[in-house]
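Student: I'd like to ask you about the structure that follows.
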């Protein structure tokens with residue numbers, strides 16, 4: 003048994019501190035800061051109590067030394083990192099600790115924040131302040147607080163900050179602190195802005211290239227309704243009956259509206275780079291395609307067929323009708339021109355457009371031909387590459403770009419067992435989505451029927 007006297011006496015000699023069996027002996031426990039150093043111990047022959055006490059004291063000394071080391075390490079870390087470490091009471095109304103990096107980032111002294119803890123978020127930019135304060139009150143105690151905002155420094159400089167917080171619980175599981183990190187991400191945000199500007203510049207450049215490449219085809223498409231409108235107006239001007247003249251005027255107006263739609267679609271795409279999505283039946287797209295390529299098919303003396311079942315033909319997909327018309331027309335036009343160097347004796351000229359709906363909510367248009375095919379190693383999707391001698395070769399490059407702005411893709415199957423060349427245009431049925439399908443390479447090996 004250990005008894006602590008109210009007025010302990012120090013031993014006269016070191017030997018007096020040694021317990022002896024059968025009597026009370028004053029016992030000195032070394033030199034320890036923060037612990038009792040003189041006890042009366044009821045000694046026993048085995049000195050068991052003394053040994054236990056010594057072990058406990060050694061453990062306490064080790065624990066105290068470890069705590070002091072951890073505290074010193076924490077302060078060294080907090081005072082040398084570039085991020086701001088902070089700790090407050092659960093409501094954030096009392097500041098427990100703020101690391102020195104606060105002064106470098108906020109341009110304020112730590113002491114001023116200890117005096118007014120609420121000022122930490124008071125320097126948030128006016129446009130961000132309400133959002134940040136609401137988020138802190140709502141999310142900090144659940145560990146969900148993670149906000150990016152600007153601060154206004156006293157010198158007028160604006161910095162970007164990412165601020166995070168998480169709850170700290172005591173041994174009983176009660177919330178008693180909020181801790182967090184604040185990072186200065188100004189440089190990162192500036193780099194991101196530069197990357198966004200570069201991306202916009204590249205996107206604008208691509209839109210210009212697409213616009214330029216579509217010019218010839220669009221000019222032809224606009225010329226058709228304008229020519230038809232002129233014909234209707236001419237017929238109406240010579241008509242003897244008012245009803246005939248009115249009918250001709252309505253038909254001319256419809257054709258002019260069609261030409262205006264084409265121009266408007268191109269203008270919007272050139273400005274925004276986004277397709278104008280509308281619900282369109284697949285059979286209407288196929289009818290549009292037939293009107294656009296019928297003259298070229300007849301002139302090229304090519305057999306043309308369409309393979310689509312009734313349910314697929316009646317299905318609606320969300321696409322930009324004008325842009326998809328251009329892609330499909332260009333694919334068929336390429337197939338027609340691929341046959342231009344062949345005689346009828348060499349091969350029967352045949353082009354097929356087939357359509358199928360996939361299980362993952364996409365539609366695939368396949369333009370197939372039995373022409374000479376694509377030479378091994380050629381990349382028909384490269385800008386200015388061409389399968390014909392006198393073209394610019396931007397058709398497939400542009401076609402793929404237009405497919406991708408829809409969230410789809412365009413690729414080539416070069417070793418189909420039935421056709422020499424098969425181009426696959428894949429589009430999401432419900433509008434823009436992540437591109438799917440094979441990787442965008444020049445050729446994809448396949449043995450589809």
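Numbering (my numbering), first residue to last: 3 to 451.
Note that CB positions come from ideal geometry on N, CA and C, so glycine has one too.
On a predicted model such as this, the values are computed, not experimentally measured, just so you know.
By DSSP's criteria, residue 92 is part of a beta bridge. Which residues make up the other side?
Tutor: Sequence index remark: in the chain shown, residue 92 carries index 90 (1-based). DSSP, once it has assigned bridges, lists no residue as partnering residue 92.
Student: How long is the line joining the alpha carbons of residue 432 and residue 284, rounded to whole angstroms?
Tutor: In the chain shown, residue 432 corresponds to position 430, counting from 1. In the chain shown, residue 284 corresponds to position 282, counting from 1. The alpha-carbon atoms of residue 432 and residue 284 are separated by roughly 13 Å.
Student: Have a look at residue 6 and residue 52 and give me their C-alpha separation to the nearest angstrom.
Tutor: On the chain shown, position 4 is the one that residue 6 refers to. On the chain shown, position 50 is the one that residue 52 refers to. Low per-residue confidence applies at residue 6: pLDDT is 39, beneath 50, and the placement is therefore not dependable, though the value from the model is reported in the following sentence. If you take the alpha carbons of residue 6 and residue 52, they lie about 13 Å apart.
Student: Check this for me: beta carbons of residue 408 and residue 374, under 8 Å apart or not?
Tutor: The count along the chain shown starts at 1 and reaches residue 408 at position 406. The count along the chain shown starts at 1 and reaches residue 374 at position 372. In this structure, residue 374 does not lie closer than 8 Å to residue 408 by Cβ.
Student: Are the beta-carbon atoms belonging to residue 184 and residue 165 less than 8 Å from one another?
Tutor: Walking along the chain shown from the start, residue 184 turns up at place 182. Walking along the chain shown from the start, residue 165 turns up at place 163. It is a contact, given that the beta carbons lie within the stated cut-off.
Student: Sorted by chain position, which residues of the same chain lie with C-beta nearer than 6 Å to residue 149's C-beta, five sequence neighbours on each side aside?
Tutor: In the chain shown, residue 149 corresponds to position 147, counting from 1. Same-chain partners within the cutoff: 134, 137 and 165.
Student: Is residue 268 near residue 317, with beta carbons less than 8 Å apart?
Tutor: Position 266 of the chain shown, counting from 1, holds the residue named residue 268. Position 315 of the chain shown, counting from 1, holds the residue named residue 317. No, the pair does not count as a contact, with Cβ atoms beyond the cut-off.
Student: Quick one: is residue 307 buried, meaning 16 or more other Cβ sit within 10 Å of its Cβ, or exposed?
Tutor: Residue 307 sits at position 305 when you count from the first residue of the chain shown. Classification for residue 307: exposed.
Student: Name the DSSP bridge partner or partners of residue 102?
Tutor: What you label residue 102 is simply residue 100 of the chain shown in a count that begins at 1. Answer by DSSP bridge pairing: none, since residue 102 is not bridged.
Student: With distances taken between CB atoms, is the gap from residue 295 to residue 335 smaller than 8 Å?
Tutor: As a first step, residue 295 is located in the chain shown; it is residue number 293 there, counting from the start. As a first step, residue 335 is located in the chain shown; it is residue number 333 there, counting from the start. Cβ atoms of residue 295 and residue 335: closer than 8 Å.
Student: Counting contacts by CB-CB distance shorter than 8 Å, is residue 244 in contact with chain B?
Tutor: In the structure shown, chain B does not exist; there is a single protein chain.
Student: Thinking residue 404 and residue 287 are a contact (beta carbons under 8 Å), I'd like their distance in whole angstroms, please.
Tutor: Indexing the chain shown from 1 puts residue 404 at position 402. Indexing the chain shown from 1 puts residue 287 at position 285. Their Cβ separation, rounded to whole angstroms, is 14 Å, which puts residue 404 and residue 287 out of contact at 8 Å.
Student: Name the DSSP bridge partner or partners of residue 364?
Tutor: Start at 1 with the first residue of the chain shown, and residue 364 comes out as number 362. In DSSP, residue 364 forms a bridge with 430.
Student: Note down, in chain order, each residue of its chain lying with its Cβ closer than 8 Å to the Cβ of residue 305, except the 5 sequence neighbours on either side.
Tutor: As a first step, residue 305 must be located in the chain shown, where it is residue number 303. Taken in chain order, the residues that qualify are 350, 351, 352 and 353.
Student: Bridge partners of residue 188, per DSSP?
Tutor: As a first step, residue 188 is located in the chain shown; it is residue number 186 there, counting from the start. Per DSSP, none; premise fails for residue 188.
Student: Assuming contact is defined by CB atoms lying nearer than 8 Å, are residue 310 and residue 365 in contact in what I supplied?
Tutor: Taking the first residue of the chain shown as 1, we reach residue 310 at position 308. Taking the first residue of the chain shown as 1, we reach residue 365 at position 363. Against a cut-off of 8 Å, the Cβ pair of residue 365 and residue 310 comes out as no contact.
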